[in-house]
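Those protein sequences? They're chains A and B, same order as listed.
Quick note: the first sequence, position 147, residue 281 per the working numbering, numbers continuous.
Quick note: the second sequence, position 247, residue 381 per the working numbering, numbers continuous.
Built from N, CA and C at the ideal position, the CB exists for glycine as well.
Notes follow the structure.
Number of protein chains: 2
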Amino acid sequence: MTHISDAPRAYSRTHADTFRQQLHEFLRIPSISADPAHAGDMQHAAEWLAADMRAAGLDNVAIMPTAGHPVVYGEWLGAGPDKPTVLVYGHYDVVPALMEDGWHTDPFEPVEKDGKIYARGATDDKGQLFIHAKALESYLKANGSAPVNVKLFIEGEEEVSSPNLVPFIKEHLDLLKADVCIISDTSMRSIEEPAILHSLRGMTYMEVEVDGPANDLHSGLWGGAAHNPALALAQIVAKLYNEDNTIAVPGFYDDVVPLTPDERAMIAKTDLSEDDYMASTGVPAVWGDAAFNIRERIAARPTLDINGMWSGWTGPGPKTIVPAKAGMKISSRLVGNQDPHQIFELVKRYIESIAPPTVKAEVRLLTTGKAALFPFDIPEMQAAARAYERGWGATPIFTRGGGSIPVVAEIADLMGIPVVMMGYGLDDDGLHSPNERFSVEMFHRGIETAIVYLEELAKLRS
Amino acid sequence: MTHISDAPRAYSRTHADTFRQQLHEFLRIPSISADPAHAGDMQHAAEWLAADMRAAGLDNVAIMPTAGHPVVYGEWLGAGPDKPTVLVYGHYDVVPALMEDGWHTDPFEPVEKDGKIYARGATDDKGQLFIHAKALESYLKANGSAPVNVKLFIEGEEEVSSPNLVPFIKEHLDLLKADVCIISDTSMRSIEEPAILHSLRGMTYMEVEVDGPANDLHSGLWGGAAHNPALALAQIVAKLYNEDNTIAVPGFYDDVVPLTPDERAMIAKTDLSEDDYMASTGVPAVWGDAAFNIRERIAARPTLDINGMWSGWTGPGPKTIVPAKAGMKISSRLVGNQDPHQIFELVKRYIESIAPPTVKAEVRLLTTGKAALFPFDIPEMQAAARAYERGWGATPIFTRGGGSIPVVAEIADLMGIPVVMMGYGLDDDGLHSPNERFSVEMFHRGIETAIVYLEELAKLRS
Chain A
135 MTHISDAPRA YSRTHADTFR QQLHEFLRIP SISADPAHAG DMQHAAEWLA ADMRAAGLDN
195 VAIMPTAGHP VVYGEWLGAG PDKPTVLVYG HYDVVPALME DGWHTDPFEP VEKDGKIYAR
255 GATDDKGQLF IHAKALESYL KANGSAPVNV KLFIEGEEEV SSPNLVPFIK EHLDLLKADV
315 CIISDTSMRS IEEPAILHSL RGMTYMEVEV DGPANDLHSG LWGGAAHNPA LALAQIVAKL
375 YNEDNTIAVP GFYDDVVPLT PDERAMIAKT DLSEDDYMAS TGVPAVWGDA AFNIRERIAA
435 RPTLDINGMW SGWTGPGPKT IVPAKAGMKI SSRLVGNQDP HQIFELVKRY IESIAPPTVK
495 AEVRLLTTGK AALFPFDIPE MQAAARAYER GWGATPIFTR GGGSIPVVAE IADLMGIPVV
555 MMGYGLDDDG LHSPNERFSV EMFHRGIETA IVYLEELAKL RS
Chain B
135 MTHISDAPRA YSRTHADTFR QQLHEFLRIP SISADPAHAG DMQHAAEWLA ADMRAAGLDN
195 VAIMPTAGHP VVYGEWLGAG PDKPTVLVYG HYDVVPALME DGWHTDPFEP VEKDGKIYAR
255 GATDDKGQLF IHAKALESYL KANGSAPVNV KLFIEGEEEV SSPNLVPFIK EHLDLLKADV
315 CIISDTSMRS IEEPAILHSL RGMTYMEVEV DGPANDLHSG LWGGAAHNPA LALAQIVAKL
375 YNEDNTIAVP GFYDDVVPLT PDERAMIAKT DLSEDDYMAS TGVPAVWGDA AFNIRERIAA
435 RPTLDINGMW SGWTGPGPKT IVPAKAGMKI SSRLVGNQDP HQIFELVKRY IESIAPPTVK
495 AEVRLLTTGK AALFPFDIPE MQAAARAYER GWGATPIFTR GGGSIPVVAE IADLMGIPVV
555 MMGYGLDDDG LHSPNERFSV EMFHRGIETA IVYLEELAKL RS
């Protein structure tokens, strides 16, 4: 039996080296959205990607401005109105990376070693979004057409929580109109266990500042009668958690939809052992709310983490000061139906209520993102499962993801379409960490799976 | 009545502008001992000072190596063996200073404004040590001789707790041999209330590191089952203090010599009001152990302060990680008879005992300094009081200092001589803070006081 995906799959194999060299080029651009110093690199990355889309044969390729970093858009609508339209979302921005964080090689000079591509953004998300660009290119080059209409919608602010994405979607609802959205920005446990995510956690990201003296004080002249802001911050932080490692902010869990026994049974099938968690992360012991298993804690339960903390002198040697201030970045991973803004208000009110009068404490909101949940028995999800069976060579599991991709809930809300999250990374790819990597084999199997998925989606309206 | 100090005092007045311009030159050299990047500036500062001493007429001026930054030494021994020998100790190194800390002008480009010299090191200690260099120069230029023998002993590592000073003193006991040591590296409350310090606090300076995951983790993929190292650090810090703001480390206060009712009565005469403390520091409220008044808390009681704290992402924007580690610098100001090494052991043992098994905690010793206490009815102290009356124009008080000058206890122990601390700064000079400053008037009154003190010391053996 022949398929219309056969020639594109063959094309993707014969062009595997070319695709990989192109990905290397893309990875060399340090498109760090959080750092204003890299604004030029962000523009460069957008232009590089637009040029690649044009070369692949996409139409109406454009770098579209936002209040922040631009969106890259391109489309191929030659399948006609009777065929489904697929919106592929991805992001070309990456999180910061410095050699001194522990990289073995330059994070922006990709190195292939033991079947992995090492570079910042390799798996999150340049490598994964590239899979879809190359799948569509394979159709257009091998067949001159694709079985469905495809729109590529690649943003540059995912790693700073997509502050300008909702206005962009609202303004371009017609342009982006589609029947299903595909996102490849997640991961699986092992290459033989591909996973389709049907749930993601939301996010409330905050910054806290505690102010004491007007300036740093000489600790010998003044120390002993000033509440050290770093001490005050630590005392506040220590009250964020209860003894049982649950979050102490009043009302924090009020809107959490409880897990049903059925869901818990499904999650238990893919639970992580303590040994696996320790081996993957390097922690000396597992921590958390003992009322939930590890997989539930990291994917189905809300969190409150300190992402950064600072005060006073952090350079070499001693400096004997009482610091003027201390601060931290904290963020909550949220689950349905927690509202990100409501969580901010609860945290802010609680911290202000426990801050002692000997310092001033301020809590600011940085970014938010909603949680998302989709049923997995709909045709678009089941078609994705068949695509993995044919294109990847393994049956996928449906699972919940612990991460947050702000656009997912927004696309579902604003466009009224399901979002299918087909992650082609591995759980231990080290995204957001030093030595981020992406499996070469999975890159190529991903392209074939994406090729087959377009064919499977076409069948839904044949 | 004429004095042998008359001509030198007159000389110091006619050369006031020159002395100040020389001080500006000295202050322009960013001699930051804590930062290896400034090693060249340290050498430059030492050479500049040695050249100034030679020009003033001192003999045997030398830049003497240590395992760290060098000592600058110079002497004038022309008074002969029948006259006392005075050892002047000071330091030419300064603490770090960056514009972004809140400086209004370049910390290493001195600016005179409203009668103050603004620059890092202006009061601590370049301006103050320079008083003695210029006092001796005034004698040698005006009279061709000084009434006592003088040795200038200026080190370059005071701000990093003088790690190489004790070996240096031990190795050069003959060279440094003297009858009394003078140090000007402290301050008074107001220009009309000069203070002679007879006590200083000691120091134990430590660094704490809490390690969790092997690398920063993606908080969405792994968050919820890893003990956040910043949270763990905060939980440890929160246990360093009791509810009443006393230090919770078992045994911490065991060796503190209790203040007698007489001492407390003397201290009460110079107590600070809450308003004064708040106005000087900018804190919103006074803090500390309510069993002691403010002056006792900042000068006669031990402390435990966080000097710096760090974890994870502190750059702009959000980064959603569970940090791999968190750390802090903490230091204790000690009072007699607390032993700095014993305090380190107590703090280390306590932190290790309260650190949870879900992280690894390590406590390292950075530096130590002993506390010091001298009687104030000895002739050298009383001669200093007379020098203030004649040279400064006000009667000094004898008081305890909250700071730590490691050399003080060491000189007393190793050389068996008293140390007279005649501080010419103001309590609110902002040392170790942005916009450090030094009063021009006090610089010149200090030189005259130092000139008179040498005469008063000569009288002790007339």
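Mind checking the segment 226 to 241 of chain A against chain D and listing, in chain order, the residues whose C-beta falls within less than 8 Å of any C-beta there?
Of the protein chains in this structure, namely A and B, none is chain D.
Arg467(B) - containing alpha helix (DSSP H), residue span
Position 333 of the second sequence holds residue 467(B). Per DSSP, Arg467(B) belongs to no alpha helix (DSSP H); it is in the beta strand (DSSP E), 459 to 468.
6 Å Cβ shell around Val229(A) - same chain, five flanking residues per side excluded:
If you number the first sequence from 1, residue 229(A) lands on position 95. Answer for Val229(A): Glu293, His566, listed in chain order.
Apart from the five residues just before and just after Leu468(B), which ones in its own chain have a Cβ nearer than 7 Å to its Cβ?
Position 334 of the second sequence, counted from the first residue, corresponds to residue 468(B). The residues are Arg335, Gly336, Met337, Thr338, Pro436, Pro474, Ile477, Ala505.
Comparing alpha-carbon positions, which option in Thr200(A), Asn362(A), Ala424(A), Pro384(A) lies nearest Val300(A)?
If you number the first sequence from 1, residue 300(A) lands on position 166. For the residues Thr200(A), Asn362(A), Ala424(A), Pro384(A), the minimum Cα distance to Val300(A) belongs to Thr200(A).
Can you tell which of Gly255(A), Val371(A), Gly580(A) has the C-alpha that lies nearest to the C-alpha of Ser442(A)?
As a first step, residue 442(A) is located in the first sequence; it is residue number 308 there, counting from the start. According to the sequence as given, residue 442(A) is Gly; it is not Ser. It is Val371(A).
When the Cα of Glu326(A) is compared with those of Val222(A), Glu246(A), Glu575(A), Leu263(A), which residue comes out closest?
For the purposes of this step, residue 326(A) is taken as the residue at position 192 of the first sequence. When each option's Cα is compared against that of Glu326(A), the closest is Glu575(A).
So which of Ile401(B), Pro457(B), Ala180(B) has the shortest CA-CA distance to Ile531(B)?
Here residue 531(B) refers to the residue found at position 397 when the second sequence is read from its first residue. Of the listed residues, the one whose Cα sits closest to Ile531(B) is Ile401(B).
Output, in chain order, the set of chain A residues within a Cβ distance shorter than 9 Å of Asp169(B).
Numbered from 1 along the second sequence, position 35 holds the residue referred to as residue 169(B). Those are Gly449, Pro450, Gly451, listed as they occur along chain A.
Mind pulling the chain B residues with CB within less than 7 Å of Ala425(A)?
Reading the first sequence from its first residue, position 291 is the one you call residue 425(A). What Ala425(A) touches in chain B: nothing, since even the nearest Cβ is about 12 Å away.
Name the chain A residues that come within less than 9 Å of Leu565(B), Cβ to Cβ?
As a working note, residue 565(B) is residue 431 in the second sequence. In chain order: His352, Leu355.
Could you give the first and the last residue of the continuous alpha helix (DSSP H) run that contains Trp526(A)?
Locating residue 526(A) in the first sequence gives position 392, where the first residue counts as 1. No alpha helix (DSSP H) holds Trp526(A); DSSP gives it neither H nor E.
Tyr223(A) - partner residues in DSSP beta bridges:
For this step, residue 223(A) is matched to residue 89 along the first sequence. Paired residue(s): Phe287(A), Ile317(A).
Please tell me whether Met556(B) has its Cβ less than 8 Å away from any Cβ of chain A.
If you number the second sequence from 1, residue 556(B) lands on position 422. Not closer than 8 Å to any Cβ of chain A, the Cβ of Met556(B) fails to qualify, so no.
Quick one: which chain B residues come within Cβ less than 8 Å of Val300(A)?
Position 166 of the first sequence, counting from 1, holds the residue named residue 300(A). Going along chain B, no residue has its Cβ under 8 Å from Val300(A), so there is no contact; the nearest lies around 17 Å.
Determine the direct distance from the alpha carbon of Asp186(B) to that of Ala179(B), and round the result to whole angstroms.
Here residue 179(B) refers to the residue found at position 45 when the second sequence is read from its first residue. Here residue 186(B) refers to the residue found at position 52 when the second sequence is read from its first residue. Cα-Cα distance, rounded: 11 Å.
Looking at the C-beta of Gln598(B), does it have a partner C-beta in chain A at a distance below 8 Å?
The shown model of chain B, from 135 to 596, leaves out residue 598(B), and the question about it has no answer.
Let me know the beta strand (DSSP E) ranges lying completely inside the segment 148 to 208 of chain A, each 3 residues or longer, listed in chain order.
193 to 198
Counting pairs of Cβ atoms below 8 Å between the segment 445 to 456 of chain A and the segment 516 to 527 of chain B, do you hit three or more?
no
What does a CB cutoff of less than 7 Å around Glu246(B) pick up in its chain, not counting 5 residues either side in sequence?
As a first step, residue 246(B) is located in the second sequence; it is residue number 112 there, counting from the start. If we look at Glu246(B) and ignore the five residues flanking it on each side, its Cβ neighbours are Val574.
Please list the partners that Lys494(B) has in chain A, where partner means a Cβ-to-Cβ separation under 8 Å.
Along the second sequence, read from residue 1 onward, the residue named residue 494(B) stands at position 360. Simply Pro418.
Please go through the same chain and pick out, in chain order, the residues whose beta-carbon is closer than 6 Å to the beta-carbon of Ala521(B), but skip the five residues on each side of it.
For this step, residue 521(B) is matched to residue 387 along the second sequence. Around Ala521(B): Thr583, Val586, Tyr587, Glu590.
Can you give me the C-alpha to C-alpha distance between Pro218(B) and Leu594(B), rounded to a whole angstrom?
As a first step, residue 218(B) is located in the second sequence; it is residue number 84 there, counting from the start. As a first step, residue 594(B) is located in the second sequence; it is residue number 460 there, counting from the start. Cα to Cα, Pro218(B) sits roughly 8 Å from Leu594(B).
Short of 7 Å in beta carbon distance, which residues of its chain neighbour Leu274(B), apart from the five on each side in sequence? Order them along the chain.
For the purposes of this step, residue 274(B) is taken as residue 140 along the second sequence, with counting starting at 1. Same-chain partners within the cutoff: Ala190, Gly191, Trp210, Ala280.
Which partner residues of Met443(A) appear in the DSSP bridge assignment?
On the first sequence, position 309 is the one that residue 443(A) refers to. DSSP lists Met462(A), Ser445(B) as partners of Met443(A).
Taking Ile455(B) as the reference, which of Phe160(A), Met462(A), Asp216(A) has the closest Cα?
Numbered from 1 along the second sequence, position 321 holds the residue referred to as residue 455(B). Nearest C-alpha to Ile455(B): Met462(A).
Evaluate contact between the segment 482 to 497 of chain B and the segment 484 to 503 of chain A, counting only Cβ atoms and requiring at least three cross-stretch pairs below 8 Å.
no
For the alpha helix (DSSP H) containing Thr404(B), list its first residue and its last residue.
Reading the second sequence from its first residue, position 270 is the one you call residue 404(B). Element bounds for Thr404(B): n/a, residue is neither H nor E.
Gly535(B) vs Gly357(A) beta-carbon contact at 8 Å:
Locating residue 535(B) in the second sequence gives position 401, where the first residue counts as 1. Locating residue 357(A) in the first sequence gives position 223, where the first residue counts as 1. Not closer than 8 Å, so no.
May I ask you to report which of helix, strand or coil DSSP gives Ser573(A)?
Residue mapping note: residue 573(A) aligns to position 439 of the first sequence, counting from 1. Ser573(A): strand per DSSP, three-state reduction.
According to DSSP, is Arg498(B) helix, strand or coil?
Start at 1 with the first residue of the second sequence, and residue 498(B) comes out as number 364. If DSSP states are grouped into helix, strand and coil, Arg498(B) belongs with the strands.
Report buried or exposed for Leu307(A), applying the criterion of at least 16 other Cβ atoms within 10 angstroms of its Cβ.
On the first sequence, residue 307(A) is found 173 positions in, with the first residue counted as 1. By the 10 Å Cβ count, Leu307(A) comes out exposed.
Quick check: the segment 498 to 517 of chain A against the segment 542 to 559 of chain A, are at least 3 beta-carbon pairs closer than 8 Å?
yes
Given that Asn349(B) touches chain A, what residues does it touch there, using C-beta distances under 9 Å?
Here residue 349(B) corresponds to residue number 215 of the second sequence, with the count starting at 1. Correct list: Asp235, Gly236, Thr415, Gly416, Gly564, Ser567, Pro568, Asn569.
Pair within 8 Å by beta-carbon distance, Gly354(A) and Ser353(B)
Reading the first sequence from its first residue, position 220 is the one you call residue 354(A). Reading the second sequence from its first residue, position 219 is the one you call residue 353(B). Contact: no.
Check this for me: beta carbons of Met549(B) and Ile330(B), under 8 Å apart or not?
The residue you call residue 549(B) lines up with position 415 of the second sequence. The residue you call residue 330(B) lines up with position 196 of the second sequence. No, these two residues do not count as a Cβ contact at 8 Å.
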